[in-house]
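Structure record follows, encoded as structure tokens.
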């Protein structure tokens with residue numbers, strides 16, 4: 014159907030537009046083959062010239078899909094803090110020491126470079142052995158110094174596959190000057206990484222634009238600041254030991270001197286032992302004192318009301334006098350004790366803090382040792398008893414009553430009165446129409462035309478559903494759910510042409526009609 | 020590397036101690052310089068003589084500048100045809116000189132603790148034939164349907180291994196898509212081959228060694244007979260076209276003899292002795308102090324050529340292997356077609372009772388080691404002493420010596436013995452028709468001599484040089500006997 018002649022200059026420009034891939038095709042054709050246009054079927058148009066048939070190529074039909082490799086093959090895992098492969102399919106290839114036997118030689122053989130250079134002789138296939146050797150006997154006799162080139166033979170010759178479409182030998186001027194072959198520039202950087210599959214960012218950094226309106230890093234509330242100590246997760250912080258924290262608190266209050274910021278295990282155990290010994294010592298001292306001064310004197314410390322003499326001699330004397338032994342006297346003494354003193358003596362009052370250091374510890378430290386509150390571990394859990402609970406009823410999806418006010422405030426909905434006024438303003442036009450065709454309007458009342466029905470309503474002052482429909486379509490489900498609004502009567506429309514004020518009011522919402530696509534006929 | 024001197028006969032010689040190319044035992048001496056002086060200018064630190072097997076790479080001229088300047092990289096196809104068939108050469112390249120192919124290092128190699136592979140050749144490229152019957156096993160190349168199968172079968176594998184290999188080689192040339200069809204272009208042709216099988220009668224007579232000449236004649240005769248027997252007129256065309264004339268067959272036998280590598284190959288569980296023609300490994304030259312060796316890797320059935328562990332290789336060094344250890348020049352000449360003046364295993368037959376003290380001889384020349392492995396101990400030697408080479412080592416072996424624990428030699432007796440031995444050597448030299456100098460002159464005057472003639476002349480020249488060296492060594496020994 015198409016002749017093979019090429020009329021480049023005669024082709025209209027429009028022809029190029031039909032083939033979006035034209036430029037692509039142009040570039041990819043090898044040398045010597047003149048690129049011709051794709052020829053459509055003859056029914057397409059009737060050109061004065063003949064259609065040019067392209068060579069058979071279905072490049073434009075093929076969808077070139079490139080499968081990119083993921084931009085990374087490994088990443089730093091946030092929990093373990095170590096490199097992990099992206100796909101999880103396999104571990105990395107081991108080193109050469111771990112290769113199975115023979116792999117190294119295979120790899121070496123595969124890596125050996127291809128020999129280059131072109132041979133000037135051709136094989137004789139067994140008929141002339143030695144034909145490709147250089148015959149030196151004649152050369153040596155010529156006594157010319159032959160230069161040695163001990164380097165490797167010339168690098169491989171590049172087969173020039175694609176020559177430029179210069180068409181130098183084309184004598185005729187009929188040929189189109191196509192664009193010269195696009196020089197294949199070596200991809201580098203991001204493109205190369207993408208092609209090969211090296212880890213690369215998702216977007217080309219050269220092309221990447223900063224998202225506008227973003228906050229700087231520090232101001233982002235979700236900004237993940239790396240911890241200063243470069244730990245991957247909070248779980249890697251030091252885990253507090255009771256003794257360690259205690260010792261740290263002690264060091265902070267100055268009772269103990271540490272050699273560093275944090276107590277070491279040695280120090281901790283040392284101080285633990287020391288504390289234990291001190292306690293024992295103290296207890297021992299107390300017991301000794303008890304032994305020494307006798308129970309009466311000892312326990313009189315906690316009985317402020319007992320003013321009597323508590324020495325052993327006095328007890329002895331009293332015993333002799335009254336016959337009460339030590340125990341009875343103790344009982345009597347204790348009967349003078351207040352319960353507060355009792356509790357202090359027994360040490361069972363939790364309100365009395367026994368360890369002064371515990372008072373001075375920070376809450377965080379206390380929490381580390383003894384744990385926080387099991388019921389309300391954080392502040393967020395504490396509840397305000399007077400709080401108004403947000404009870405959502407069965408109509409939760411409905412807006413709260415306040416929503417109406419909000420919408421009205423923003424002008425999303427208008428009151429019925431306003432709507433009526435607007436409609437009333439529209440009335441004069443309809444009036445004109447009905448005045449003319451009054452008889453027609455009165456006669457036919459099918460209900461097709463909303464405008465005419467409005468006029469009927471106005472005349473008859475009846476409740477119209479179309480209004481409500483209009484209103485309903487304008488407004489949303491509020492009306493559906495609030496039956497009171499549905500029942501409202503239509504307000505009387507305003508008669509007569511619009512006054513100036515009304516016109517001004519009307520002109521405020523000139524674009525209202527644009528929104529109501531359904532309203533327009 | 021080499022100073023680009025012109026190739027002139029008068030200026031061959033260098034006392035270059037910084038020789039980095041192959042050291043050559045054969046010395047071209049300017050005809051004008053004296054006998055003794057030229058010896059002292061003897062170059063080349065090592066004793067090793069890299070003498071090429073001529074049928075492979077031909078013997079290379081010792082001139083350093085020659086060897087360096089006349090080496091050209093071989094045809095790139097040479098390696099390509101192997102590369103395509105998964106043969107690899109690592110760090111070496113093939114170069115051609117006036118005397119044939121050689122394998123040279125293309126980069127420096129430090130001494131390693133492990134032997135390093137420089138070439139690996141897969142089994143499929145080789146022509147193999149097992150030494151023992153039955154000739155039925157892989158990897159032998161068995162041309163089952165071809166009539167040559169019967170011919171080969173009719174031979175005795177013990178004695179006719181070269182004939183069998185030659186038949187296989189010719190068959191391979193005829194096989195389509197056979198690697199040897201391509202590789203054969205790089206084998207030395209019948210003109211370039213130095214195997215004495217192709218030598219004519221007068222060339223054999225040029226050897227000046229009747230024993231060797233007769234051996235070669237027998238070999239020639241045997242091959243010729245074989246050809247006549249099997250390539251008779253009524254032989255099928257398939258056979259006939261393998262070797263149209265006996266010369267081709269003789270050439271094939273020569274190639275087979277000189278390039279055959281006998282290896283114990285293990286294929287799977289079977290170990291067999293095989294005669295193999297291995298494509299690229301046969302381009303390695305021979306040296307008495309080689310830096311490479313061959314190894315069969317049974318895992319993927321490759322022959323590896325490995326550099327000796329601990330070898331320091333510089334760029335441009337020649338890779339050499341030891342073809343045959345412990346053989347005198349005669350055997351080398353007969354089998355491989357080359358000879359060397361510094362063959363440490365050369366033998367001179369001395370008659371008479373004169374003996375010299377072995378230990379003092381060894382100590383004079385700083386030769387140490389066991390008798391099987393004499394070597395020149397450079398640590399003991401004064402630097403710059405380049406006299407001791409393979410010939411002196413051979414002298415230490417072949418001279419009649421006595422050694423009786425720690426009985427000291429009597430200097431006068433020693434000197435007498437030395438004189439006697441020298442006399443004998445001179446007599447031997449006199450028996451030759453020509454002197455070494457004449458031989459050299461002859462060689463120089465025949466630049467276009469056929470290779471076999473050259474080889475023959477060189478053979479006798481080397482022999483004479485060796486004897487001269489022995490005389491000289493005895494002289495030095497005599498001087499250095501401690502009183």
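Chains as they are written, first to last, in the numbering used here: chain W, 14 to 534; chain U, 20 to 502. By construction, the Cβ of each residue, glycine as well, lies at the ideal position given by its N, Cα and C atoms.
ask   = Whose Cβ in chain U lies nearer than 9 Å to the Cβ of residue 109 of chain W?
value = Under the 9 Å cutoff, chain U gives no residues; its nearest Cβ is about 13 Å from residue 109 of chain W.
query = Can you find a C-beta in chain W that's less than 8 Å from the C-beta of residue 496 of chain U?
reply = no
query = What three-state label does DSSP hand residue 538 of chain W in the structure shown?
reply = No statement about residue 538 of chain W is possible, as the shown extent of chain W runs from 14 to 534 and does not include it.
message = Please list, in chain order, the chain W residues whose beta carbon lies closer than 9 Å to that of residue 207 of chain U.
response = 142, 143, 146
query = So, is residue 10 of chain U buried or exposed, given that buried needs 16 or more other C-beta atoms within 10 angstroms?
reply = In the structure as shown, chain U begins at 20 and stops at 502. Residue 10 of chain U is therefore absent and cannot be evaluated.
query = Does residue 13 of chain W have its Cβ less than 8 Å from a Cβ in chain U?
reply = Absent from the structure is residue 13 of chain W, since the part of chain W shown begins at 14 and ends at 534.
inquiry  = Rounded to the nearest angstrom, what separates residue 497 of chain U and residue 408 of chain U at their Cα positions?
reply    = 18 Å
task = Report yes if the C-beta distance between residue 414 of chain U and residue 492 of chain U is below 8 Å; otherwise report no.
result = For residue 414 of chain U and residue 492 of chain U, yes; Cβs fall inside 8 Å.
query = Rounded to the nearest angstrom, how far is the Cβ of residue 301 of chain U from that of residue 123 of chain U, given a contact under 8 Å?
reply = Not confirmed; about 16 Å, so no contact.
query = Name the chain W residues that come within less than 7 Å of residue 107 of chain U, Cβ to Cβ?
reply = In chain order, 122, 125 make up the part of chain W whose C-beta sits under 7 Å from the C-beta of residue 107 of chain U.
task = Run down chain U in chain order and give the residues with a C-beta less than 9 Å from the C-beta of residue 202 of chain W.
result = Those within 9 Å of residue 202 of chain W in chain U number zero; the least Cβ separation is about 33 Å.
request  = Return the residue from the list U/368, U/280, U/215, U/147 that minimises the CA-CA distance to residue 358 of chain U.
outcome  = U/215
inquiry  = Any beta carbon of chain W sitting closer than 8 Å to that of residue 355 of chain U?
reply    = no
N- and C-terminal bounds of the alpha helix (DSSP H) containing residue 180 of chain U = 180-193
inquiry  = In the DSSP assignment, the alpha helix (DSSP H) including residue 315 of chain U goes from what residue to what residue?
reply    = Note, residue 315 of chain U: premise wrong, no alpha helix (DSSP H); beta strand (DSSP E) at 311-316.
Residues of the stretch 103-131 of chain U whose Cβ lies closer than 8 Å to any Cβ of chain W, in chain order = 105, 107, 108, 109, 112, 114, 115, 116, 117, 118, 119, 120, 123, 125
inquiry  = Between residue 508 of chain U and chain W, is the shortest Cβ-Cβ distance under 8 Å, so that the two count as touching?
reply    = Outside the shown range of chain U (20 to 502) lies residue 508 of chain U, about which nothing can therefore be said.
query = Counting only beta-carbon atoms, is residue 307 of chain U nearer than 8 Å to chain W?
reply = Not closer than 8 Å to any Cβ of chain W, the Cβ of residue 307 of chain U fails to qualify, so no.
Selection from U/273, U/252, U/205 that minimises the alpha carbon distance to residue 213 of chain U = U/273
request  = Using a Cβ cut-off of 8 Å, pull out every chain U residue sitting near residue 115 of chain W, in sequence order please.
outcome  = By Cβ distance, chain U contributes 318, 319.
key: 3 or more residues per run - each beta strand (DSSP E) lying fully within the stretch 240-295 of chain U   = 279-286
ask   = How do the stretch 130-149 of chain U and the stretch 315-334 of chain U stand: do at least 3 beta-carbon pairs fall below 8 Å, yes or no?
value = yes
ask   = Between the C-alpha atoms of residue 224 of chain W and residue 419 of chain W, what's the straight-line distance to the nearest angstrom?
value = 33 Å
query = With 8 Å set as the bound, which would you pick, yes or no: does the beta-carbon of residue 301 of chain U sit closer than that to a beta-carbon of chain W?
reply = no
ask   = Pick from W/297, W/316, W/290: whose alpha carbon is nearest that of residue 345 of chain W?
value = W/316
key: Local Cβ density within 10 Å of residue 476 of chain W, reported as buried at 16 or more and exposed below that   = Reliability fails at residue 476 of chain W, whose pLDDT of 49 lies under 50, so the model's placement of it is uncertain and the value that follows must be treated cautiously. So residue 476 of chain W counts as exposed.
ask   = Under a Cβ-count criterion, where at least 16 other Cβ atoms within 10 Å of its own Cβ denotes burial, should residue 484 of chain U be classed as buried or exposed?
value = In the assembly as shown, residue 484 of chain U is a buried residue. Its beta-carbon has 16 or more other beta-carbons within 10 Å.
key: Residues that DSSP places opposite residue 107 of chain U in a beta bridge   = U/139
query = Can you give the beta carbon distance from residue 205 of chain U to residue 97 of chain U, rounded, assuming they're within the 8 Å contact cut?
reply = That pair is a contact at about 5 Å.
inquiry  = So if DSSP puts residue 123 of chain U in a beta bridge, which residue, or which two residues, is it bridged to?
reply    = U/112, U/337
query = Residues bridged to residue 536 of chain W by DSSP?
reply = Coverage of chain W is limited to positions 14 through 534, which leaves residue 536 of chain W absent and any answer about it impossible.
task = List the residues of chain W whose Cβ lies closer than 7 Å to the Cβ of residue 95 of chain U, in chain order.
result = 128, 129, 130, 131, 132, 166
query = Rounded C-beta distance between residue 202 of chain U and residue 298 of chain U? I'm assuming under 8 Å.
reply = 5 Å
query = For residue 421 of chain W, is the classification buried or exposed, using 16 other Cβ atoms within 10 angstroms of its Cβ as the cut-off for buried?
reply = exposed
task = Find the residues of chain W that neighbour residue 193 of chain U, judging by a C-beta separation of less than 8 Å, and give them in chain order.
result = Near residue 193 of chain U (Cβ distances below 8 Å), the residues of chain W are 139.
query = Is it right to say residue 383 of chain U is buried, meaning 16 or more other beta carbons lie within 10 angstroms of its own, or is it exposed?
reply = buried
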